[in-house]
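Working notes, beginning with the structure itself.
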Amino acid sequence: MIAPELAPLDRPPQWVFLAPGGEAELVAAVAWLGARLPALDWRAHVVPVWPRAVPHSSAWRLLLEEITEHLVATSFARLVLHPVIEVSLNATEDPRWRQRVLEPVTPFETEAFAEQTESRLALRPLLAAGAGVSPERLLEVAGALATRLATPSLLVGGAAADVAADAVARGMRVIAPPTADRVSGILGRLREHHVVDSLLERAEGGSGGLLGPCVRHLVVDPVAGRAHGCLRAWEDGLSGTRLTDIPVDLPELPIAECSSCMAASLLGALPDLEVNGRRSEGRTLAQELAVELAGRAEYEPAAGLAAAARSLAGSDAERATAALLQGICELECGRPPSAEDALVAAAAAGADGGLVAYQRGRAQMAWRDEIEALERFAEALASSSPAVPRADVHLAMALAHVNLGEHAEALPHLERATGAGREATLRFLAGFCRLQLGDPEAALPDLEAALALGPEADDEERVRLWLATCLKELGRLPEAIAVLAPVAEASDELAVHNLLGFCHYLAGDHAAAVASFRRALAIDPRSAIDWSNLAANLRELGDLEEAVAAYERALGLDPALDLARNGLARTRALLAGSS
Amino acid sequence: MRVLLVDCNPFAPAVTPISLGYLAAALRVAGHAPHILALGADTAFSPRVLAARLREWRPGLVGFAAYQRNMLEVRALARLAKEAAPGCRVVLGGPQGMFLPEAALAALPEVDFLSRGEGELAVCALADALAAGSFDPTEEAVPGVTSRRPDGSCVTGPSPPPPEDLDVHPSPWLDGVLDPARWAESVLLTSRGCPHHCVFCLTPATCHGSMRSHSLERVLEEIAWVARRGNGRLWFADPNFGGSRPRLVRLLDGVASRDLGVKMWVEVRAELLDPSLVGLMRRAGVERVALGLESASPAVLEGLGKGSDPARVRAAARLALDAGIDVELFSQYALPGERMSDALATLEFVRACGVAIRGNSNAQQLQLYFGSEVTRRHHELGLRPLRERLPPYLSIGTEFETEWMSRADIARVRGAWRDASADGARRVVS
């Protein structure tokens with residue numbers, strides 16, 4: 030029997046954050062949410078972050094009614110309510126206060142007792158101290174509530190370290206109070222904790238990477254009348270979806286947008302992780318996320334995370350790993366001094382000496398200190414570390430020698446830098462070095478091979494320039510011109526037009542030479558040699574007056590340019606003779 | 107007939123519904139159209155969309171894997187199914203369905219049938235009967251099924267004898283009912299039954315001391331299939347995986363020789379482990395071995411009918427750990443004859459074995475479920491229920507104290523284990 034398959038289930042929002050608003054706006058938002066509770070995940074969490082102390086507001090009472098109605102109608106659904114409760118001095122002294130807080134869960138506790146299961150409505154508040162309530166008193170209230178509720182979280186500042194430690198020991202989560210606007214600040218803190226929870230969940234899952242959208246969120250903004258699929262989107266003031274639409278199919282954010290939020294959230298949450306006795310988890314997450322971001326070439330956030338992992342390291346091995354990664358990321362961010370500092374620290378902590386030396390060499394290269402770089406690279410090669418990418422080191426050493434004009438020293442390194450995907454680069458550099466060593470015959474096969482191998486698009490012009498130079502040196506002018514032709518039209522490289530003009534001149538095509546030198550001068554009007562070259566070709570074309578003017582421009586820019594001075598004299602003589 | 111098979115556990119991530127997989131494979135061969143819905147704590151869905159899917163699909167029969175822990179959800183989902191697909195019938199299977207007293211049906215208006223015998227036989231017989239139309243299962247007995255008659259009385263058809271050759275049941279893996287790529291861990295069943303008579307276990311009541319196994323060829327074919335298509339993590343859920351040592355050796359040999367790169371979790375009796383078997387386990391890819399300790403007190407153990415020896419458990423754990431195989435020790439507290447000091451000694455014993463207290467090494471309180479000897483004889487064994495009345499579809503569960511430990515004592519033992527736990531006492535297997 031063939032029957033259609035049951036269609037897949039949905040992926041609805043699981044965590045709902047109710048942002049603050051006026052009482053009437055909150056009531057309207059709760060009514061809107063109430064009608065959509067069955068469209069949330071069957072195991073939903075609702076977090077009202079409201080300015081008025083729960084349990085006094087009418088919006089709170091309406092929220093409880095809506096939730097109760099939903100859970101009674103859908104008796105396999107579960108919900109955890111996380112209100113921010115400001116514990117006031119009066120409230121804690123009022124015995125009815127506790128009763129009011131606990132009231133909503135009572136029927137569900139009764140049901141759970143009868144059915145030998147867990148309550149389908151759990152209250153896990155975030156307790157904040159109101160005016161005059163000491164952290165110690167807050168903890169006392171939390172302890173009393175914890176006997177009946179899911180363990181609450183506490184907003185406790187760093188000044189109350191003892192209380193925080195005590196709370197953590199009793200299984201509570203401690204969150205540092207925000208310094209900015211209280212309500213939106215709390216949402217920011219919750220976002221940080223949520224992102225970290227998502228990361229921990231993925232890390233524990235062990236399959237796939239850490240990056241990706243968090244658990245499914247829905248932020249309801251009663252003031253704006255809009256809903257958002259993630260807390261960060263709401264914080265950033267993105268437009269969101271109108272509440273009049275049903276936001277059950279909120280699009281998942283692309284990973285690129287999540288990675289910066291994840292990095293920033295984790296960095297923001299690290300102090301709280303420490304307070305909550307999860308320093309080691311924080312370090313592991315920071316390190317693993319940094320590795321993942323670096324693998325995606327997102328070096329800026331990766332550098333910050335690696336620095337954090339380094340500061341949280343509990344052993345030299347952890348410190349070394351984090352500092353090495355930090356150094357690499359700093360280097361990729363174009364900050365060689367910071368990279369050098371981190372790499373030195375990595376070495377001090379016992380990181381792989383060869384690998385550190387290689388990266389320090391790269392930092393010195395970025396600093397343009399090729400001599401120091403060569404020393405570091407030699408140190409890397411001398412190490413027995415299998416982690417040292419030896420071919421890469423040889424390529425880097427070749428480049429350092431090239432930069433120092435030591436072309437003969439570069440060649441042996443190029444021979445040892447062989448590796449897949451870099452053949453075009455190696456052949457080009459070999460050809461370039463041989464050309465610089467005055468051996469165009471030997472250089473030509475390398476440069477031709479570099480072009481034939483298909484260099485990177487932004488390297489093709491460079492390869493053609495030096496291949497043309499080589500051909501020019503060999504007197505093969507038509508070939509040199511043909512090599513440059515495909516890139517000349519679009520090129521803004523002065524050397525290309527200069528060389529092309531020179532080849533045309535030698536080939537006796539002065540009109541083409543004039544066109545090339547005019548392109549060169551359009552790129553750099555202060556190039557004295559190109560004014561002089563232009564003048565020489567104008568003279569050959571018989572345009573003596575314009576040639577004189579061009580020579581004078583050349584000498585105006587460089588009075589010591591003998592070529593122009595001699596040319597000017599010759600041209601003036603011709604002009605005098607002709608008149 | 108469209109048959110929806112539901113496994114719902116809101117307290118833990120969804121795991122491979124292997125038993126429902128067997129039912130679905132059998133139903134498919136019998137010409138029905140089964141679909142499995144495995145709902146765990148990590149399964150995302152909204153009640154609104156679930157109701158819509160049920161309305162669209164209109165199952166004729168909905169079966170639930172029922173346990174004491176999920177009866178609230180089972181009942182709610184059964185009601186939802188009946189609202190969304192009027193006319194559909196509901197059958198409970200799983201341990202709760204198998205051992206529920208007939209009288210419980212009166213308290214479960216949303217449930218029509220209880221599956222009593224071998225699931226494949228009972229559910230296929232029921233689906234056939236319902237699909238035939240002419241046969242009224244509420245009037246006539248369906249083999250292996252308890253039905254409620256219109257007058258409220260119940261009729262139970264005699265359970266047909268289960269097949270000696272387990273291979274007659276089609277494989278949920280090889281028949282494509284379960285997809286290894288879908289699950290973090292692929293659960294396999296190579297045998298059913300157990301020759302031992304542990305008083306806390308349900309298996310003696312279902313198998314009466316006998317064991318039936320799949321052929322080694324079928325098991326190895328399943329393992330290879332699952333390993334190729336999934337992530338290679340395998341969990342053997344046999345009641346007694348090492349029931350026959352020669353068979354276990356041939357099975358492990360077969361896996362090792364195929365070089366499948368699997369990582370396996372197995373549970374065996376401690377006395378089975380010796381250096382050669384541990385070495386073979388390692389070669390085959392056993393990553394973790396679970397041993398049933400139950401209690402470190404020989405006197406307490408004697409009353410459990412398990413016939414195990416803590417010294418053997420300690421030696422077996424050492425052997426496995428030394429070979430690089432992780433070890434889990436199953437243990438329980440509030441056992442008959444167990445005093446507070448015995449219970450705490452078990453915790454110390456586990457620690458002394460060098461076993462990390464996490465996952466299945468978190469002890470759990472003895473649970474009194476329908477079908478077990480310890481439930482049937484609880485008065486005699488010194489177990490005192492805390493409640494005078496229970497819904498008829500629930501057993502005593504953990505709502506008891508013992509002659510030797512009060513409720514407060516049991517809570518203290520639970521707290522001690524929780525404090526010692528490295529993962530918040532999150533046990534995987536109940």
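Protein sequence lines, in the order shown, are assigned to chains A and B. Position 173 (the first sequence) corresponds to 202 in my numbering; numbering is contiguous. Position 293 (the second sequence) corresponds to 399 in my numbering; numbering is contiguous. Just so you know, even glycine gets a beta-carbon here, dropped at the ideal spot from N, CA and C.
Partner residues in the beta bridge of V249 (chain A), as assigned by DSSP, are A:L47 and A:A256. Annotated three-state conformation of V203 (chain A) is strand, per DSSP. The alpha-carbon separation between L227 (chain B) and L240 (chain A) amounts to approximately 47 Å. Listed by position along chain B, the residues whose Cβ is nearer than 7 Å to that of L69 (chain A) are S152. The residues S87, A88 and L91, in chain order, have a CB closer than 8 Å to that of V56 (chain A) in the same chain once the five nearest residues on each side in sequence are set aside.
V456 (chain B) places its beta carbon less than 9 Å from that of S437 (chain B). Neighbours of M177 (chain B) in chain A, taken as residues whose beta carbon is under 9 Å from its own, are E144, Q145 and T146 in chain order.
The alpha helix (DSSP H) runs of length 4 or more contained entirely in the stretch 53-125 of chain A are, from start to end of the chain, 87-102 and 118-122. A straight line joining the alpha-carbon of F476 (chain B) with that of L489 (chain B) spans about 15 Å.
Less than 9 Å divides the Cβ of P345 (chain B) from the Cβ of S297 (chain B). If you look at S437 (chain B), you'll find it in the beta strand (DSSP E) that goes D432 to Y439. Between L220 (chain B) and L236 (chain B), the beta carbon gap of about 15 Å keeps them out of contact (Cβ cut-off 8 Å). Closest by C-alpha distance to G200 (chain B), out of B:D285, B:G223 and B:T481, is B:G223. A check of alpha carbon separations from R391 (chain A) across A:A420, A:L360 and A:T454 identifies A:L360 as the nearest. Taken in chain order, the whole alpha helix (DSSP H) runs of length 4 or more contained in the stretch 474-536 of chain B are 479-482 and 513-526. The Cβ-Cβ distance between R555 (chain A) and G596 (chain A) does not fall below 9 Å. In the structure shown, H141 (chain B) adopts extended strand secondary structure according to DSSP, grouped into three states. Residues of the stretch 186-214 of chain B that bring their beta carbon within less than 8 Å of a beta carbon in chain A comprise L186, in sequence order. Taking 9 Å as the threshold, the shortest C-beta distance from E95 (chain A) to chain B does not fall below it.
Annotated three-state conformation of A342 (chain A) is coil, per DSSP.
It is roughly 31 Å from the alpha-carbon of A459 (chain A) to the alpha-carbon of D381 (chain A). With a cut-off of 8 Å on Cβ pairs, the stretch 209-219 of chain B is not in contact with the stretch 306-326 of chain B, counting fewer than three such pairs. A check of alpha carbon separations from W396 (chain A) across A:A429, A:D421, A:A536 and A:E502 identifies A:A429 as the nearest. Burial of V519 (chain B) is indicated by the presence of at least 16 other C-beta atoms within 10 angstroms of its C-beta.
About 6 Å separates the CB atoms of E95 (chain A) and L66 (chain A); that is less than 8 Å, so the two are in contact.
For R318 (chain B), the three-state secondary structure derived from DSSP is strand. In this model, L295 (chain B) and G239 (chain B) are separated by some 34 Å (Cα to Cα). For A171 (chain B), the enclosing beta strand (DSSP E) has its first and last residue at L167 to A171. L424 (chain A) and G338 (chain B) have their alpha carbons spaced roughly 41 Å apart. Inter-segment contact for the stretch 252-262 of chain A and the stretch 186-201 of chain A is absent: fewer than three beta-carbon pairs are separated by less than 8 Å.
Exclusion of the five residues before and after L131 (chain A) leaves L152, L174, R177 and L178 as the residues of its chain whose Cβ lies within less than 8 Å of its Cβ.
Within the stretch 154-165 of chain B, contact with chain A at the beta-carbon level (separation under 9 Å) is assigned to R154, V155, L156, A157, A158, R159, L160, E162, W163 and P165. Secondary structure note for N595 (chain A): it is in no beta strand (DSSP E), and the uninterrupted alpha helix (DSSP H) holding it is D591 to S607. Annotated as proximal: A36 (chain A) and E162 (chain B), with beta-carbon spacing under 9 Å. Among the bridge pairs identified by DSSP, K501 (chain A) is matched with none. Between V304 (chain A) and V203 (chain A), the gap from beta carbon to beta carbon is short of 9 Å.
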